[in-house]
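Here is the structure we will look at.
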Amino acid sequence: MEISTSQYKHCDVIKVTGRLDSFTSPKLAEELAKVNNQNRYKLILDFTNLDFVSSAGLRVLIAGLKNCKRYNRGELVVAGLSPAIQSVFELAGFHRIFKIFPDVLSAVGSF
Amino acid sequence: MPTRTFAGVYASLAEIAEFVRFSVKDANLSASEQFSLETAVDEAVSNIIEHAYQGEGKGTIRCQVRVGTDSIKVILEDHGKTFDPSLVPSPKLHGVLKNRSNHGLGYYMMCQLVDDIKFDFTDKRNRLTISKNISKSVEPA
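From first to last, the protein sequence lines are chains A and B. Under my numbering, the first sequence has 23 at position 23, and the numbering climbs by one with no breaks. In short: position in the second sequence from 1, add 1000, done, that's my numbering.
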């Protein structure tokens, strides 16, 4: 899995490429913590090139969402889900709690 | 039948996924069936490492793939603690965010994504058989 973060005026975009599983999800948790520690809580997870997500990855996402939304200080949204990743979100009920955008551009526009 | 033994570490997850994908390549699974099988196997292996072995590097996981005409079976064997699926809590899928708990989500996903899951515990060996039916889909993987 590869992670790259780009900082914009109103939000940060964290691009995740590859597999998000029990092995790789701690790396995403570290990146989210690193960005939050810079007092940046308006985040977009760009999943355009995400191939796979397991429940371990989903646990990191929900922890990240809770942390960003705490004290109404921000939001964690996701963008660019493939049909397979979208189906995992729906199976886990995550489509009810995450804002999901078709692409990064529309997600950036939401902040 | 393709069979391989992997180290019981999370770094094996991608290797096991690749092994299963290669083993079923001629089975005409649809893309969604293949993704479902891969996800279920990933969740099962993660559970073995976390719950049966209670950590990484404590044992091995033997993976066998049986491709039939109507279904695929992935058999995972370990020598860790016995796993009682009846003790796994159901995840809360409909609560508001602050009440969401994802304990049990992996096992729930595993059960939802495949057609049958069978546990056997014999001779200090745990065997999990995951079965996925092959539809006559026209959507190639």
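We put the beta carbon where it would ideally sit given N, CA and C, even for glycine. A quick note: this is a predicted structure, and the numbers were derived from the prediction, not measured.
- In the structure shown, the three-state DSSP call for residue 1006 of chain B is strand.
- Per DSSP, residue 1022 of chain B is not a residue of any beta strand (DSSP E); the alpha helix (DSSP H) it occupies stretches across 1012-1023.
- CA-CA distance, residue 1007 of chain B to residue 1057 of chain B, rounds to 7 Å.
- As computed with DSSP, residue 1128 of chain B is found in a beta bridge with B/1076 and B/1119.
- Considering only B/1086, B/1104 and B/1081, the residue with the shortest C-alpha distance to residue 1092 of chain B is B/1104.
- Using a C-beta cut-off of 8 Å, the region 89-102 of chain A makes contact with the region 60-78 of chain A, since at least three inter-stretch Cβ pairs fall below that distance.
- A straight line joining the alpha-carbon of residue 1083 of chain B with that of residue 105 of chain A spans about 45 Å.
- Uninterrupted beta strand (DSSP E) stretches at least 3 residues long and entirely within the region 15-100 of chain A occur at 42-46, 50-53 and 75-79, given in chain order.
- Boundaries for residue 11 of chain A: no beta strand (DSSP E) harbours it, and the DSSP string shows neither H nor E there.
- One alpha carbon belongs to residue 27 of chain A, the other to residue 56 of chain A, and they sit about 12 Å apart.
- In this structure, the straight-line span from the alpha carbon of residue 109 of chain A to that of residue 7 of chain A is close to 14 Å.
- Residues of the region 1031-1045 of chain B with a Cβ closer than 8 Å to any Cβ of chain A, in chain order: 1031, 1032, 1035, 1038, 1039, 1042 and 1043.
- Between residue 87 of chain A and the set B/1010, B/1031 and B/1089, the nearest pair of CA atoms involves B/1031.
- Put simply, the backbone Cα of residue 12 of chain A is about 13 Å away from that of residue 37 of chain A.
- Take the alpha-carbon of residue 65 of chain A and the one of residue 1114 of chain B: they are about 29 Å apart.
- Taken through DSSP and simplified to helix, strand or coil, residue 1028 of chain B comes out as coil.
- In the three-state reduction of the DSSP assignment, residue 1056 of chain B falls in the coil class.
- When Cβ-Cβ separations below 7 Å define contact, residue 1106 of chain B makes contact with chain A.
- DSSP places residue 1096 of chain B outside both helix and strand once states are collapsed to three, so it counts as coil.
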